[in-house]
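See structure below.
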């Protein structure tokens, strides 16, 4: 601010005022004059002055009276009385009581006059600078605070009047986060309750209730329905404070939707993992049951010397069952090991030229003894001379998985396996006429631990198709499914024939 | 043993989808002198019950078609079958105990324990 400070001179004698004006002309302040106490007070009410030069002897309202009136209006401008005669001490005391800071006596020594006024003007300017600085500090603190508040990207800062729940401040992020503009927040009482999810209204209401009952601060999680109807999770903290004599609630509502989603998916992962461990242990224990029973059965007979009571064909059959169970157990343990290798990216393939028709027949032969499907219900339609460049053990594993599923979910109906060459690819299709897979489950079943059916009806670890797809991927191939519930499923394994030229295979 | 001729021959109904398990059980129980009927899931089990109520039922829980829970719902609701003792065999202890069977034997099964249990419950 570069306005010059003002000094007011009050005197009923125009000559005196003229003399003062002349004396103070070249100073660093402006002198304004008033011809009476009343006029002077009017000036003082309009503008702040650095000092007052006040003549004591004036008609109507003298200097002392004027000074008392000035002070009575709450104006604390320093006053220098000017008086003609040196009076006694009691006279000076009256002046000081009326608010004088100094006396000057006529005839005036102009140097002293200038010096005294300069001191007061200097003081006034210092004081003004300090005030300006203070105002600037408040302004800058406020701006800083606002920048902080508005800079919170995923949080809404707000305050509301405790008595009526009306919002009197909402940070501008409110619109971006909630979709409701600030004016909506302040238009209705308890807006945060109004936009909360119906199931969470009680949570928010209870929290605000306990604030009103005297709790210093509350914090809670709740869902908010955005303006566009979508749902979001918020974490809200509210403190009680005072503003201009009223109690107010100061809140910070954070958007924690993504945190909640992560938490949810972690929880799901844990549930899936626990379920998997439980299913896997069941699947490992199941083949152990016939083994255990047979061993105990033989031991029981041997102990009594009655092994001969077991007919040779029964012994043969039982040993066949044992071998199959050991084989199954082995396969399941391998599946489990493979899952961790796949996860660690350690599975490799060793590709070589393979007669695919022979490979399919070999896989089918493994199911020859399966009681669920009759020999004549296998329908093989295999093109000869289809030479794939594949890892035979891995691809056999895929075929066994697909055939195993076809039998498991095939309701004992015929199973058709086709091998053909199509557009540089070998295609093996395994078709059953069983329970089929609903469309919504057709992608899920390729994920780890997933299956389309309840484990209380179908055994298995939910790993077969996941592993199969990983193996197909390593061959740059594709496994796809077409299926309708109650009609059956067709799984197609498609492998590029010139895998040799596919980058990155010989790993 | 074979000379259980003083008492009538006892019948065991096995409801179990795993053909390796039900096959071995049939062979071994027959060697012990029981008559054994095998059903591969709940519905077959119910048909077998209706044809000829057994003295004891050995029941697996997780089966395709009708599972063990539904089989038990029916068996316990039908008064003429409700009293037939049931031995649940399962690798899931918690599941098996939750249906409150007369006996629960965990998989892998112990033959001696199974024979004892069958004998006790069918006596």
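Protein chains in written order, with the numbering used here: chain G, 11 to 517; chain Z, 54 to 176. Note that CB positions come from ideal geometry on N, CA and C, so glycine has one too.
- Residue pairing for residue 228 of chain G: DSSP places it in a beta bridge opposite G:248.
- With contacts defined by Cβ atoms closer than 8 Å, residue 175 of chain Z and residue 63 of chain Z form a contacting pair.
- Its Cα nearest to that of residue 207 of chain G, the residue G:234 stands out among G:220, G:196, G:234 and G:230.
- Against chain Z, the CB of residue 285 of chain G has no partner CB under 8 Å away; the residue lies outside that interface.
- Beta bridge pairing from DSSP links residue 253 of chain G with G:256.
- Taken through DSSP and simplified to helix, strand or coil, residue 213 of chain G comes out as helix.
- At a cut-off of 8 Å between beta-carbon atoms, residue 307 of chain G makes contact with chain Z.
- Contact annotation: in the region 151-166 of chain Z, residues whose CB is within less than 9 Å of a CB in chain G are 159, 160, 161, 162, 163, 164 and 165.
- Counting along the chain, residue 506 of chain G sits inside the beta strand (DSSP E) bounded by residues 498-506.
- Here residue 409 of chain G is near residue 370 of chain G, since their CB atoms are less than 8 Å apart.
- Within its own chain, the residues whose Cβ lies closer than 7 Å to the Cβ of residue 168 of chain Z, once the five positions on either side in sequence are excluded, are 85, listed in chain order.
- Judged by DSSP in its simplified three-state form, residue 402 of chain G adopts helix.
- Under a criterion of Cβ atoms nearer than 9 Å, no residue of chain Z is adjacent to residue 208 of chain G; the nearest Cβ is some 35 Å distant.
- Every beta strand (DSSP E) of 3 residues or more that sits fully in the region 58-92 of chain G is shown, in chain order, as 61-65.
- By the Cβ rule, the region 171-178 of chain G counts as touching the region 249-261 of chain G, because three or more pairs are nearer than 8 Å.
- Rounded to the nearest angstrom, the Cβ distance from residue 130 of chain G to residue 123 of chain G is 11 Å, too far for a contact under 8 Å.
- Sixteen is the threshold: when 16 or more other Cβ atoms of the shown chains lie within 10 Å of the Cβ of residue 290 of chain G, as they do, the residue is buried.
- Interface flag for residue 274 of chain G against chain Z is unset, since no Cβ pair is found closer than 8 Å.
- Any Cβ of chain Z closer than 8 Å to the Cβ of residue 334 of chain G would place that residue at the interface, and such an atom is present.
- Here residue 490 of chain G carries a strand assignment [DSSP, helix/strand/coil].
- For residue 64 of chain G against residue 127 of chain G, the beta-carbon gap comes to about 12 Å, at or over 8 Å, which does not count as contact.
- Against chain Z, the beta carbon of residue 331 of chain G has neighbours under 8 Å at 73, 76 and 77, listed in chain order.
- Your pair residue 383 of chain G and residue 425 of chain G checks out as a contact, with CB atoms roughly 6 Å apart and the cut at 8 Å.
- Proximity of residue 144 of chain Z to chain G, defined by a Cβ-Cβ separation below 8 Å, is satisfied.
- Residue 479 of chain G counts as buried, since no fewer than 16 other beta carbons sit within 10 angstroms of its beta carbon.
- Chain-ordered, the chain G residues with CB closer than 7 Å to the CB of residue 80 of chain Z read 324 and 328.
- With fewer than 16 other Cβ atoms from the protein chains shown falling within 10 Å of its own Cβ, residue 137 of chain G counts as exposed.
- DSSP places residue 299 of chain G within a helical segment (H, G or I) once states are collapsed to three.
- As summarised for the region 157-195 of chain G, the continuous beta strand (DSSP E) elements at least 3 residues long and confined to that stretch are 165-171 and 177-180, given in chain order.
- Put simply, the region 309-316 of chain G does not touch the region 331-350 of chain G. Fewer than three CB pairs are less than 8 Å apart.
- Under the three-state reduction of DSSP output, residue 270 of chain G falls in the helix class.
- Going by C-alpha positions, residue 146 of chain G is about 38 Å away from residue 217 of chain G.
- Looking at the DSSP output, residue 159 of chain Z bridges to Z:143.
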